[in-house]
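Student: Residues in the sequence shown are numbered from 282 upward in steps of one, following the working numbering.
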Amino acid sequence: MSHSRWKTLRERKLTEAATEPAEVAEVRREIRLSMALAEAVYKRRANLGLTQSDLARRAGLSQAKISRIENSDTVPTLPLLTRLADALDAVLHIDLGGERVGFHFTPRASEESARGDRASTEEWCRAAS
Numbered sequence: 282m283s284h285s286r287w288k289t290l291r292e293r294k295l296t297e298a299a300t301e302p303a304e305v306a307e308v309r310r311e312i313r314l315s316m317a318l319a320e321a322v323y324k325r326r327a328n329l330g331l332t333q334s335d336l337a338r339r340a341g342l343s344q345a346k347i348s349r350i351e352n353s354d355t356v357p358t359l360p361l362l363t364r365l366a367d368a369l370d371a372v373l374h375i376d377l378g379g380e381r382v383g384f385h386f387t388p389r390a391s392e393e394s395a396r397g398d399r400a401s402t403e404e405w406c407r408a409a410s
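1. Pull the bridge partners of valine 372 from the DSSP assignment, please.
2. What separation, rounded to the nearest whole angstrom, lies between the Cα atoms of lysine 346 and glutamate 301?
3. For glutamate 380, count the other beta carbons within 10 Å of its own beta carbon; 16 or more makes it buried, fewer makes it exposed. Which is it?
4. Can you list, in chain order, the residues of its chain with a C-beta nearer than 6 angstroms to that of arginine 349? Leave out the 5 residues immediately preceding and following it.
5. Going by CA-CA distance only, name the one from Leu373, Thr289, Leu377 that's closest to cysteine 389.
6. Roughly how many whole angstroms lie between the Cα atoms of leucine 359 and glutamate 311?
7. Going by DSSP in three states, asparagine 352 sits in which element: helix, strand or coil?
Here you go:
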């Protein structure tokens, strides 16, 4: 076997070995989603000038739970997401279409009118592909 043929065979085997099992790819996707949500919660909380303790009081949660959400150590349930959105005086938008999924908190109308167009410039927190 020539060296060039050996190199091609070696590269092919390395490529095959580098392919992730479907379960691993799904876990990675879930982690990216959790991190995107964590970023959206953190940005909205910081934009309001709230501490984790302030947000916890508003949402009826512990500060530790808010910390776990912001550190993407937990996957919140839909009722918990509703409580977070209410506590953050915002509407939570979730985009699960296609490859670019993400989360975005939009301030409620009363706050938007008081703050002008600033709310419309807030960016989506996307899960990296």
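Here a beta-carbon is modelled for each residue, glycine too, at the ideal position from N, C-alpha and C.
Tutor: For this structure:
1. Valine 372 is bridged by DSSP to Thr387.
2. One C-alpha to the other measures close to 32 angstroms.
3. Burial call: exposed.
4. Residues of the same chain with a CB within less than 6 angstroms of the CB of arginine 349, apart from the 5 flanking positions on each side, are Thr355 in chain order.
5. Residue identity check: residue 389 is arginine in the sequence provided, not cysteine. Comparing Cα positions, the closest option is Leu373.
6. Approximately 16 angstroms, taken between the alpha carbons.
7. In this structure, asparagine 352 counts as coil in the three-state DSSP scheme.
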